[in-house]
Amino acid sequence: MSDNKEFTALIDVASIGPRPVRRQIATTPADRAAIAQSLGLLALNALTAELSLRRTPAGQIELTGELQAEVEQACVVTLEPVAASISESFRMRFAEDAAEPDLAEIDLDFEAADPPDPIVGGTIDLGQVVVEHLALALDPYPRKPDAALSKEFEPKPDELPEAAPKAKPDKTHRPFSGLDKLLK
């Protein structure tokens, strides 16, 4: 998880049993301003989340949640504000004995479940969980519906890839022809 603490809402994992524990997360205007600045948003007008946590038979904490947000981002073409409503569901697992990933060797299996996140100090920061999932749900290239590049920035016909002259293969070019000299 991120070390930035724009918004914190801690829960003690000792209070979580096999029956679901429900939490509602609401942000203040100051929280939203800090989160917006951290995420590069023009504005974060609303951010709420409903979370449910329970301990699994294996001792892990399973978190399911849904966040709702109203954001304003800068259009990638005009830089004008683009408003968006976000509704995102997510699921995570936490474990006390979860190891930090070994960054020297990463083996990705896109079909496998994500490994559990570590529980640090006996608490889970629900605020940071919500902020991370908001960041993942943001449109990376927000664009106003009617935004268009100015004609001066459009490529000229001779600059388009299909207008480039096709290179004819050189039948006499032999890239490894000099290697035989090295063997002598």
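Using full-length UniProt numbering, the first residue of the sequence shown is number 1, and each one after it goes up by one.
The C-beta atom is built at its ideal place from N, Cα and C for all residues, glycine as well.
Do the CB positions of residue i and residue j come within less than 9 Å of each other?
i    : j    : result
R93  : P116 : yes
I124 : I35  : no
E6   : R23  : no
L134 : L53  : no
Alpha carbon to alpha carbon, how far is residue i from residue j?
i           : j    : result
A30         : L44  : 10 Å
P18         : A95  : 14 Å
M1          : V13  : In this predicted model, M1 has a pLDDT of only 44, less than 50, meaning its place in the structure is not dependable; the value taken from the coordinates is given anyway. Approximately 17 Å between the Cα atoms of the pair.
T48         : E111 : 30 Å
L183        : S177 : 12 Å
residue 198 : Q73  : The displayed coordinates of the chain run from 1 to 184. Any statement about residue 198 would go beyond what the structure contains.
G59         : I119 : 12 Å
E159        : R32  : 44 Å
E70         : L149 : 27 Å
P161        : P155 : 10 Å
G122        : C75  : 41 Å
Starting from residue i, trace the alpha helix (DSSP H) in both directions and tell me its first and last residue.
i    : result
A147 : Careful: A147 lies outside any alpha helix (DSSP H) and carries neither H nor E.
A34  : P29 to L39
L136 : L126 to A137
Can you tell me where the beta strand (DSSP E) holding residue i begins and where it ends?
i   : result
Q60 : That residue, Q60, is in no beta strand (DSSP E); it is neither H nor E in DSSP.
D12 : L10 to D12
Does residue i come out as helix, strand or coil in the three-state DSSP assignment?
i    : result
P157 : helix
E152 : helix
A47  : The sequence given here has Leu at residue 47, not Ala. Looking at L47 - three-state DSSP - the assignment turns out to be strand.
D107 : coil
S2   : Note that S2 has pLDDT 45, beneath the 50 cutoff, so the model's placement of it is unreliable and no number is given.
D117 : strand
ask   = How about the segment 56-63 and the segment 112-129: do they share at least three Cβ pairs that are nearer than 8 Å?
value = The segment 56-63 and the segment 112-129 touch, with no fewer than 3 CB-CB distances between them shorter than 8 Å.
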